[in-house]
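Input: a single structure, listed below in structure tokens.
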Amino acid sequence: MDIARGIKTIEWLKTELVSNVASLFRGMLKNNDDVIGESLANLVIGCYLLGRRLGVNFAALDAKIEHMARLNVDNDHEVERWYGDFSAFLDHVKGRKK
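Number 57 in this note's numbering belongs to position 8 of the sequence shown; there are no gaps in the numbering.
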């Protein structure tokens, strides 16, 4: 019973992620900032919850996210070079930890 519920939850979370990607794209198409923000927030939450169901705790996911952002800064990713978005993200994360 517990295994079936776990599988069903993972499938539900996957469906929610796809649904929120579709919602994000609709929001972008209509230039609707509220829908864009809500969709992005739901995607982030969904990824954290899916990660937890798959055995990745929140702190480990946070650490992996920071690591990947730092790698993109170090590897001179085009988005970093053009806009500094990865550095800005890392500054944001650092500010939240204070």
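For every residue, glycine included, the Cβ atom is placed at its ideal position computed from N, Cα and C.
Which residues in the same chain as D134 place their Cβ atom closer than 8 Å to its Cβ, once the five residues preceding and following it in sequence are excluded? V128
Have a look at R102, N106 and A118 and flag the residue whose alpha-carbon is nearest the alpha-carbon of I52. R102
Using 8 Å for Cβ pairs, my map puts A118 next to L99. What's the rounded Cβ distance? No, A118 and L99 are not in contact; Cβ-Cβ is about 20 Å, not under 8 Å.
Given a threshold of 16 other Cβ atoms within 10 Å of its Cβ, counted over all protein chains shown, does L62 qualify as buried or as exposed? buried
May I have a chain-ordered list of the alpha helix (DSSP H) segments no shorter than 4 residues that lie completely inside the stretch 100 to 128? 107 to 123
Is it buried or exposed, G95, if we count other Cβ atoms within 10 angstroms and call 16 or more buried? buried
Inter-residue spacing [alpha-carbon to alpha-carbon] between K57 and V105: 18 Å
How about S72 and E87: do their beta carbons lie closer than 9 Å? yes
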